[in-house]
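Step one of this worksheet: look at the structure below.
Residue numbers (our numbering): 3 to 629.
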């Protein structure tokens, strides 16, 4: 039945689409929440019906993507990726160019067969260590790490969720399914050109910046070892009633008091210090002024049983031990012995339970004897007033504490290491099983024994049942935010089809490009897809663009297959912003980058990849009339 122009359903669908794009650009809410909200509005308004909406959750492409997340986690947890990283580090000690080339090639190769986000997470500390070994800035390598992972993912059908999703949508639209390595030639050409660019011209466009640790605490990177030690204010101490501002524990005063612990609650990021300051202000007849944790800490009158956490070097620690009024002896108050500390950087990972909490709520002092010294987010370094600062995914933490406690914190995987290479031991048998599972899925899919969705499910079950990845970690490995984003965008795509909005867009676009020629249409599809990816995300763009370009191909008489490939490659071509692709977002904060750094190198990279795509796609899929 023909759809009347600008019907209510069509107008509402366009309004929802516009609102969704605006929210994507503003980045106020997570993309998956925006997409699911859009689907909910369209469902409630009757633009899409309940049975069709529920059927979206059984999409074979999303099932395949979920299973590939599990298979990727198995490779990571059995030490396969870590083995690659150690080999690259060993090479860096002998040969600079060889290490960088191996790094680029290794990341691209692994990303062709597994989710590229864990590849970047595992390899980022290795990249920073290689940069240190080469006496170079980590920022020269972290953006290339992300870009090569992205380009590697374009080389196979399973290299990125975008390829799997685009293939699924295209198949539902009547196209023949893509084979496992059908896009490999074009993808490898783009990866090769991209690697050459990043190693030559691109390197000059990258900034020379150091990590958060070196930027904030450069003055502390001397040869003196620093120690954390706790001292107790015993009953009868002359310090009782005095503040830390009134006390001097050594002649040099080259120490720092990190925390004052009372009733097992620390003052550094806790509320009782602010409360004491407010009470003092009222007593003086003046409003309390907000202050950082260290200033309020030093204004608190000491009580019996208070514990002071000192950070100092060994010589001054001996002098502080002789101070009157404090005790370093473990007794009823359980003061901890002095322990040498290290500085380490960690990032709040994609599945971290720390997201949404304040640094004080993490209770790192109690659980790990460690402290958050600074947080880096969006070009800002936050070093004080942590009590109201809520963490989110991608935040970089500068931590200080004993090495063994920092290692234990990283092992829990809520905070992922950046400046420390935490080695995951190779499990030979399980690593072999995980590798064979991936190769089995790839090989049998390439031989067309079974659709990839049918192969991915038993592959994922195999690595779980054999202990390559625990059931809990398997569930954690699945990027539910990505799946929810896909489901929401599929709902919008369904609404565009049902309301006639997609048909209107296709007919309008076909009229605009009909006389331009097939090559110009191909370039326009790639450019628009790449542009939308920078604004939204790769998966959202793939869902939106694939049905439209197939419709444009049918209207203009072009074979739709090369245009669908342009969507696959263009949806992964997110180089100009840190928000279009997960790996870009990850390195954005840990590399201490600015938004403009991505524009400076990403815009030329996007234009170069456009030129390569328009050149190589017709070589594999001729732009002839649709058969």
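Every residue, glycine too, gets a C-beta built ideally from N, C-alpha and C.
If contacts are defined as beta-carbon pairs under 8 Å, then residue i and residue j qualify, I think. What distance do you get, rounded to the angstrom?
i	j	result
residue 9	residue 501	7 Å
residue 522	residue 557	The pair is not a contact, with the Cβ atoms about 15 Å apart (cut-off 8 Å).
residue 440	residue 116	7 Å
residue 466	residue 479	Not quite, the Cβ-Cβ distance comes to about 10 Å (not below 8 Å), so this is no contact.
residue 246	residue 300	4 Å
residue 568	residue 524	6 Å
residue 547	residue 15	Their Cβ separation, rounded to whole angstroms, is 16 Å, which puts residue 547 and residue 15 out of contact at 8 Å.
residue 328	residue 234	7 Å
residue 419	residue 412	5 Å
On a CA-only basis, which of the options is nearest residue i? Give me that one, please.
i	options	result
residue 421	348, 605, 72 and 378	348
residue 193	151, 624 and 561	151
residue 62	188, 173, 36 and 93	173
residue 148	313, 560 and 113	113
residue 82	616, 429 and 495	429
residue 406	449, 346, 102 and 353	346
residue 350	328, 370, 369 and 414	414
residue 352	57, 71 and 45	71
residue 124	424, 463 and 208	424
residue 426	46, 104 and 127	127
residue 190	159, 463 and 309	159
residue 584	446, 395 and 85	395
residue 576	564, 26, 552 and 538	538
residue 176	188, 566, 582 and 411	566
residue 49	559, 510, 563 and 503	503
residue 621	238, 454, 184 and 202	184
residue 591	399, 623, 374 and 88	399
residue 434	306, 206 and 464	464
residue 187	624, 619, 626 and 625	619
residue 520	195, 461 and 626	626
residue 310	355, 249 and 444	249
residue 343	89, 260 and 580	260
Who are the near neighbours of residue i in its chain, counting only those whose CB is closer than 7 Å to its CB and skipping five residues on each side?
i	result
residue 574	152, 155, 156, 162, 164 and 540
residue 68	480 and 485
residue 322	251, 252, 257, 312 and 314
residue 432	80, 468, 469 and 470
residue 543	531, 534, 535 and 573
residue 492	58, 61 and 545
residue 31	25
residue 303	243, 244 and 245
residue 410	370
residue 488	64, 167, 541 and 545
With a threshold of 6 Å on Cβ separation, who are the neighbours of residue i within its own chain once the five nearest residues in sequence on each side are excluded?
i	result
residue 485	64
residue 120	74 and 78
residue 571	156 and 615
residue 41	490 and 493
residue 143	129 and 133
residue 210	139
residue 37	487, 490 and 491
Beta-carbon of residue i versus every beta-carbon of chain C: anything under 8 Å?
i	result
residue 17	The structure shown has no chain C; it contains just one protein chain.
The alpha helix (DSSP H) that contains residue i, what's its start and end?
i	result
residue 34	33-46
residue 261	No alpha helix (DSSP H) holds residue 261; the beta strand (DSSP E) holding it covers 258-264.
residue 640	Residue numbering for the chain in the displayed model covers 3 to 629; residue 640 lies beyond these limits and cannot be assessed.
residue 522	520-537
residue 588	584-592
residue 395	It is not in any alpha helix (DSSP H) - residue 395 carries neither H nor E in the DSSP assignment.
residue 604	597-622
residue 479	473-479
residue 361	361-364
residue 502	Looking at the DSSP string, residue 502 is not in any alpha helix (DSSP H), and its letter there is neither H nor E.
residue 193	186-201
residue 15	10-28
Is the closest heavy atom of the ligand SAH to the C-beta of residue i under 7 Å?
i	result
residue 117	No copy of the ligand SAH appears in this structure; indeed no ligand is present at all.
Go through its chain and collect everything with a Cβ distance to residue i's Cβ below 8 Å, but skip five positions before and after it.
i	result
residue 110	150, 151, 153, 154, 157, 193 and 197
residue 578	536, 600, 601, 604, 605, 607 and 608
residue 392	358, 359 and 360
residue 515	522, 523, 526, 554 and 558
residue 12	5, 501, 502, 503 and 506
residue 582	535, 536, 537, 538, 539, 540 and 576
residue 374	271, 361, 364, 366, 388, 399, 400 and 401
Would you give the residue range spanned by the beta strand (DSSP E) that residue i belongs to?
i	result
residue 384	382-384
residue 377	373-379
Length at least 4, wholly inside the region 556-580: the alpha helix (DSSP H) runs in chain order: If we require 4 residues or more, the alpha helix (DSSP H) runs fully inside the region 556-580 come out as 562-573.
Completely contained beta strand (DSSP E) runs for the region 412-466, where each covers 3 or more residues: Within the region 412-466, the complete beta strand (DSSP E) segments of 3 residues or longer fall at 417-419, listed in chain order.
Those runs of the alpha helix (DSSP H) which lie wholly inside the region 132-167 and span at least 4 residues: Correct list: 141-155.
Sequence ranges, beta strand (DSSP E) only - wholly within the region 49-88, length at least 3: The qualifying runs do not exist here; there are none.
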